[in-house]
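Mapping of the sequence shown onto this note's numbering: residues 289 to 707, in sequence order.
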Amino acid sequence: MPQFRKFSSQTLRKGFGAAAGATLLIIAACGNGEGGNAPGQQASENAGPPQQMAVRVEVMPVQPSSIGSVRTLPGRATPYAEAEIRPQVSGLIESRLFTEGEVVTEDQALYQIDADEYYAAVQSAEASLARAQATAAAATETARRFERLADINAVSQQSYDEAVAAQKQAEADVGIQRAALQRARIDLARTKVRSPITGRIGRSAVTEGALVTANQATTLARVLQLDPIYVDMTASSAQVLRWKRDVSEGKIETLGPTSGRSAAVPVTLEFENGDEYPLSGQLEFSEVSVDQEAGTVIVRAQFPNPDNLILPGMFLKASFAAGTYNNVYAIPQRAVQRTPQGDGYVFVAGDDGTAIQKPLTIQEANGSNWIVTDGLSPGDRVIVSGFQNVRNGAPVEVIASRQEEMAAVASPATVAQPE
């Protein structure tokens, strides 16, 4: 028994020693993997932070150019001339002498008013004139006879003076009756209601048998001259003020005089559905005063309208060149970003391969571009694609240069968005 106890104690001591050795090995392994001086951990600390990857971008080289300053304004079509047909004498409408909607010519008869009463008035005036003329002839003969008798003192001077006065009165009566006859003939002629202009006539407001009165408020019909036709554009007073200020400061080089028809500024037109009017017009004038209620100014243009495609009251969009911006840049609107304050800026690819943020001075919109007057330099490579992941000073890799887009942007635009 004593020998068995000795053997067991030795065995236990050996087992405890093996377990302690295994524990030390595990602790050493853990120290090398997490907090020890492992070779991999030391190399990583000596390498520093990882390098930032360059963003792949597309750029567009820009050059200053001259770009037309195009204004697009809403407008309404108005007739070149308009005549409201009203009767100048009273009576019953005897007949209508036109077809509604047709083209009528100047002095064409439109209505016939019952003229019997006016024929009678003319005949009465003719008779009154004949009577006055007969009275004047008798008075003239009496005055001549009294003149001879007065020379031989056969009649008194008073009788001769009365004869001369009667002659002059009779001649005055002739003038009155002649004027009355002329008035009666004018009234008779006015029983035919005529068109004062050439144009297209609308619907008739009266029919045969209607009673009309001279110079009544209700019109019988309207005649509109539609070729040529006016388009009255509406611009805010602020727009007009800014345009004039840009011209005075030399930002816009005008095409000609800023007032009067001698400027001969062409105008293009677009219908409400987006179709373009095939003929161009000409800027006529701008209103000399501002509408106090709306704060707007009317700018009028004249267009040929041979096929009557433009009708009065149509809503249209008209565009015209206000002048030319010189030494400016046209930048695609999609390339321009905004600060929280609303200021525009772009990223430019620098020669050192980094992105440079440049603030812009934007004048106005021109089609899908912005007209930039300040902030860029000739030859700048504006980033137009991939700039969403670009920051100021970040490395960039140029993968494409859009030369053809630059050429299209540099050409003067013909259509502009409203300001």
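We treat Cβ as the ideally placed atom computed from N, Cα and C, and that holds for glycine.
Predicted model, so just to flag it, every value in this text is computed and none were measured.
- Closest by C-alpha distance to Gln-455, out of Glu-435, Arg-491, Leu-469 and Asn-441, is Glu-435.
- Judged by pairs of C-beta atoms under 8 Å, the segment 505–524 does not touch the segment 406–419, as fewer than three such pairs exist.
- DSSP places Phe-386 outside both helix and strand once states are collapsed to three, so it counts as coil.
- Counting the other CB atoms within 10 Å of its CB gives Leu-529 a total below 16, which places it among the exposed residues.
- The three-state reading of DSSP puts Asp-668 in coil, since its state is none of H, G, I, E or B.
- The closest CA to that of Gln-645, considering only Ser-416, Asn-677 and Ser-383, is found on Asn-677.
- Gln-376 and Ala-397 have their alpha carbons spaced roughly 14 Å apart.
- Contact between the segment 595–615 and the segment 357–374 is established, with three or more Cβ pairs separated by less than 8 Å.
- Of the other Cβ atoms in all chains shown, fewer than 16 fall within 10 Å of the Cβ of Arg-344; this residue is therefore exposed.
- Excluding sequence positions up to five before and after Tyr-617, its CB lies within less than 7 Å of the CB of Val-350, Pro-352, Val-660 and Leu-664, all in the same chain and listed in chain order.
- Looking at the DSSP output, Met-341 shares a beta bridge with no other residue.
- Excluding its 5 nearest sequence neighbours in each direction, Glu-370 has C-beta neighbours in its own chain below 7 Å: Arg-510 and Leu-512, listed in chain order.
- Boundaries of the beta strand (DSSP E) harbouring Ile-659: 657–662, taken from the DSSP string.
- Remark: C-beta atoms of Arg-466 and Leu-417 approach each other more closely than 8 Å.
- Comparing alpha carbon positions, the residue from Leu-499, Thr-522 and Arg-384 closest to Pro-362 is Thr-522.
- Contact between the segment 474–493 and the segment 382–390 is present, with at least three C-beta pairs closer than 8 Å.
- Scanning its chain for C-beta atoms nearer than 6 Å, with the 5 sequence neighbours on each side dropped, one finds around Trp-531 the residues Ala-610, in chain order.
- Straight-line spacing of the CA atoms in Thr-495 and Asp-402 works out to 13 Å.
- Rounded to whole angstroms, Ser-525 and Asn-614 show a C-alpha spacing of 25 Å.
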